[in-house]
Amino acid sequence: MFAIFIHIPARMPKGRNKQLIKKRDEYLCRRYYFWTEVKRLRFDDALRILSEQEFFLSEERILSIIRQSGKKDQVAPVVKARYPRLTYRQLFLFTDEAGYPVLQIHRESKNEKPSHIL
């Protein structure tokens with residue numbers, strides 16, 4: 059006559075939340091950068107502060123997290139600046155201060171010997 063309904067929650071995975079661990083590791087690396095690069099602390103002093111005052115992890119664990127993040131986050135190479143390539147026609151449009159075309163000046167300077175060579 060009476061039905062008893064029992065709510066059974068969905069099973070949660072065992073262990074810690076991977077997203078929270080990832081965020082912690084990112085923040086730990088930022089703090090490591092802050093202490094070593096901005097505040098210019100020595101390596102061992104920065105590890106001690108992170109271990110005892112900020113994250114409450116062992117120094118070995120902090121060091122392994124920093125090493126792992128260095129392997130994961132490869133620094134992208136810097137893109138070289140590209141300069142436009144000028145054709146002879148485009149270069150002819152430029153003139154020096156006296157009004158001579160740059161190409162004409164360049165050709166004349168090729169024929170002359172430099173003054174410092176005797």
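First residue of the sequence shown: 59, per our numbering; consecutive thereafter.
Glycine residues also receive a C-beta, built at the ideal position from the N, C-alpha and C atoms.
Simplified DSSP state of residue i, which is helix, strand or coil
i           : result
residue 106 : helix
residue 86  : helix
residue 73  : coil
residue 94  : helix
residue 147 : helix
residue 100 : coil
Cutoff 8 Å; reference residue i; Cβ partners in own chain excluding five residues on either side
i           : result
residue 103 : 93
residue 166 : Residue confidence for residue 166 is low, a pLDDT of 49 falling below 50, so the modelled location carries little weight; the figure read from the coordinates is stated next. Answer for residue 166: no residue qualifies.
residue 122 : none
residue 53  : Because the chain is modelled from 59 through 176, residue 53 falls outside the range shown and cannot be assessed.
Residue i, enclosing alpha helix (DSSP H) - first and last residue
i           : result
residue 1   : Examination of residue 1 is not possible in this model, given that the chain is present from 59 through 176 alone.
residue 116 : Per DSSP, residue 116 belongs to no alpha helix (DSSP H) and is neither H nor E.
Cβ shell of residue i (< 7 Å), same chain only, five flanking positions each side left out
i           : result
residue 113 : 86 and 120
residue 90  : 104, 108 and 124
residue 64  : none
Pair within 9 Å by beta-carbon distance, residue i and residue j
i           : j           : result
residue 108 : residue 117 : yes
residue 9   : residue 148 : Outside the shown range of the chain, which is 59 to 176, sits residue 9, and nothing can be said about it.
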